[in-house]
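Undergrad: These protein sequences, in sequence, are chains A and B.
Per numbering that gives the first Met the number 0, residue 0 is the first one in the first sequence, and the count goes up by one each step.
Per numbering that gives the first Met the number 0, residue 0 is the first one in the second sequence, and the count goes up by one each step.
Glycine residues also receive a C-beta, built at the ideal position from the N, C-alpha and C atoms.
Please see the structure below; I have some questions.
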Amino acid sequence: MGIVNHEKDGASGIVTTTLEAMVNWARTGAMWPLGFGLACCAIEMMSTQASSYDLSRFGMELMRPSPRQADMIIVAGRLTRKMAPVLRRLYDQMPAPKWVLAMGDCASCGGVFNNYAVVQGVDEIVPVDVYVAGCPPRPEQLIHGIMMLHEKVRGEHLSKWRQEQPIRA
Amino acid sequence: MNVIRGFATTLKHLFMEPVTYQYPEEERPFRDRYKGRHVLKRYDNGLEKCIGCALCAAACPADAIWVEAAENTDEERYSPGERYAKTYEINMLRCIFCGYCADACPTEAIVLEHEHRLSFTNRRDAIYTKTELLEPPPEGMPGTPRQVEPGTFDRAIPEMEDPK
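Written out as structure tokens, the structure reads:
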């Protein structure tokens, strides 16, 4: 976790790097999430934002109410079929690059709600980058998922920046 | 007057210890009752506790567990008794960590421990098999399968003390 330490104290001195690494680093530094709290996971998401876990340590203190200002979307909770078009619409309104984090079992694969009313995983609707298990996940687990997403973004390549991600990757 | 009281509170908080807990660097221990990732336990002699009865799968409200049992032989013994779990899979994204599987288990083979790092970039990675779930054998004990003397292990469920 040396990278994380580095990110926080800002004591990096002089660095030479590639554009790719720099842009990816910048993207992980302030990834404003669009809060899409649908159920009990949203409570844990709020807890992650609150002072004891403080998501602003990762430059994510602002839950954007508007998709136009968001970089990532945290789908927190079970997505019903009635809500599914809304999620797709919000996702489409987000400017690229955009990432999706499915928080909790219900968002990831339907969880305990294996029935006709609940979408069995939001990856039927939008491409998901990271799935976080837990019912609901503790703030630690959500932060771990976010760190995993950061790790993924850091590994992205210049040539892939403009490519559309397929649904159900 | 109220203004001064308000500012006094602000000033007081200025000198207070920050409450933020630096998660990825500093990890606070969970409570004992916290239910995290499952572990399949072994006996002190290194044999697996799981006997493949699939009661955990029956108790699971989310249908996250898949168990396939097979017969033990004395040449290839995994667990004491007749059967062992040949396949044991838990979909961590389905599992709601309720602990009903641990309650249902007659041999106390499955226990929810405190591992919480459960994020995946792929849904397939979330299916944990016996490789990930089974704990390593105790120090100095051979793993499973192993060859044993015929007739040594014929009791599937060990004699346990009365529930407290």
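Quick check on residue 119/B: does DSSP put it in helix, strand or coil?
TA: In this structure, residue 119/B counts as strand in the three-state DSSP scheme.
Undergrad: Does DSSP put residue 140/B in a helix, in a strand, or in coil?
TA: Correct three-state label for residue 140/B: coil.
Undergrad: Is it true that the CB of residue 151/A sits closer than 8 Å to the CB of residue 128/A?
TA: Yes, Cβ-Cβ distance for residue 128/A and residue 151/A is below 8 Å.
Undergrad: Find out if the Cβ-Cβ distance for the pair residue 52/B, residue 64/B is shorter than 8 Å.
TA: Their beta carbons are not under 8 Å apart, which means residue 52/B does not touch residue 64/B by this criterion.
Undergrad: Mind the definition here: the stretch 8-28 of chain B touches the stretch 60-78 of chain B only if three or more C-beta pairs lie below 8 Å; say whether that holds.
TA: No, the stretch 8-28 of chain B does not touch the stretch 60-78 of chain B.
Undergrad: If you compare alpha carbons, which of 80/A, 37/A, 154/A, 59/A is closest to residue 142/A?
TA: The residue with the shortest Cα to Cα distance from residue 142/A is 59/A.
Undergrad: Taking 8 Å as the CB-CB limit, is residue 91/A close to chain B?
TA: Cβ-Cβ to chain B under 8 Å: no for residue 91/A.
Undergrad: Mind listing, in chain order, the continuous beta strand (DSSP E) runs of no fewer than 3 residues lying wholly within the stretch 66-113 of chain B?
TA: For the stretch 66-113 of chain B, whole beta strand (DSSP E) runs of length 3 or above, ordered along the chain, are 82-90, 109-111.
Undergrad: Using the beta-carbon count (16 or more within 10 Å), is residue 23/A buried or exposed?
TA: Answer is buried; the Cβ neighbour count reaches 16.
Undergrad: Sort 138/A, 74/A, 130/A, 136/A by Cα distance to residue 147/A and report the nearest one.
TA: Closest by alpha carbon: 130/A.
Undergrad: With 16 as the cutoff for other CB atoms within 10 Å, does residue 3/B come out buried or exposed?
TA: The residue in question, residue 3/B, is exposed, as its Cβ has fewer than 16 Cβ neighbours within 10 Å.
Undergrad: Does DSSP classify residue 100/A as helix, strand or coil?
TA: It is a strand residue.
Undergrad: Whose Cβ in chain A lies nearer than 8 Å to the Cβ of residue 96/B?
TA: What residue 96/B touches in chain A: 133, 134.
Undergrad: Less than 7 Å between C-beta atoms, sequence neighbours within five positions excluded: which residues of the same chain meet that for residue 61/A?
TA: Here the set comprises 31.
Undergrad: Based on the DSSP secondary-structure assignment, which residues constitute the bridge partners of residue 138/A?
TA: Answer is none; residue 138/A lacks a bridge partner.
Undergrad: Please list the residues of the stretch 60-82 of chain B that have a C-beta atom closer than 9 Å to any C-beta atom in chain A, keeping them in chain order.
TA: The residues in question are 60, 61, 62, 63.
Undergrad: With a threshold of 8 Å, are at least 3 pairs of Cβ atoms found where one atom belongs to the stretch 3-15 of chain B and the other to the stretch 98-117 of chain B?
TA: Judged by Cβ distances under 8 Å, the stretch 3-15 of chain B makes no contact with the stretch 98-117 of chain B, as fewer than three pairs qualify.
Undergrad: Closer than 6 Å by C-beta to residue 26/A: which residues in its own chain qualify, once you throw out the five before and the five after it? Chain order, please.
TA: So the list reads 152, once near-sequence residues are dropped.
Undergrad: Please confirm if residue 14/B has its CB atom under 8 Å from at least one CB of chain A.
TA: Not one chain A Cβ lies under 8 Å of residue 14/B.
Undergrad: Quick one: which chain D residues come within Cβ less than 9 Å of residue 151/A?
TA: In summary, chain D is missing from the structure at hand, where the protein chains are A and B.
Undergrad: Could you give the DSSP three-state label for residue 147/A: helix, strand or coil?
TA: It is helical.
Undergrad: Kindly indicate which residue of 91/B, 135/B, 104/B has the alpha-carbon position closest to the one of residue 125/B.
TA: Cα-wise, what sits closest to residue 125/B is 91/B.
Undergrad: Spell out the partners DSSP gives residue 33/A in its beta bridges.
TA: Its beta-bridge partners are 63/A, 72/A.
Undergrad: Which of the three DSSP states, helix, strand or coil, is assigned to residue 16/B?
TA: Three-state result, residue 16/B: coil.
Undergrad: Go through its chain and collect everything with a Cβ distance to residue 144/B's Cβ below 7 Å, but skip five positions before and after it.
TA: Only 75, 76, 77 meet the Cβ criterion.
Undergrad: Could one say the Cβ of residue 115/A lies closer than 8 Å to chain B's Cβ atoms, at least one of them?
TA: No, residue 115/A does not count as interfacial toward chain B.
Undergrad: Apart from the five residues just before and just after residue 122/B, which ones in its own chain have a Cβ nearer than 7 Å to its Cβ?
TA: If we look at residue 122/B and ignore the five residues flanking it on each side, its Cβ neighbours are 92.
Undergrad: Are the C-beta atoms of residue 31/A and some chain B residue less than 8 Å apart?
TA: False, the Cβ-Cβ gap to chain B never drops below 8 Å.
Undergrad: Along the chain, which unbroken stretches of the alpha helix (DSSP H) at least 4 residues long are found entirely within the stretch 104-137 of chain A?
TA: DSSP runs (the alpha helix (DSSP H)) wholly in the stretch 104-137 of chain A: none.
Undergrad: What residues from chain A crowd round residue 19/B, counting only those whose CB sits closer than 8 Å?
TA: Within chain A, the residues near residue 19/B are 50, 51, 52, 53, 56.
Undergrad: For residue 47/B, which of helix, strand or coil comes out of DSSP?
TA: Residue state, collapsed to three classes: strand.
Undergrad: Quick check on residue 10/B - is its C-beta less than 8 Å from some C-beta in chain A?
TA: Not one chain A Cβ lies under 8 Å of residue 10/B.
Undergrad: Among 81/A, 100/A, 79/A, which one has its Cα closest to the Cα of residue 69/A?
TA: The shortest C-alpha separation from residue 69/A is found at 100/A.
Undergrad: Would you decide whether residue 47/A is buried or exposed? Buried here means 16 or more other CB atoms lie within 10 Å of its CB.
TA: Residue 47/A should be labelled buried.
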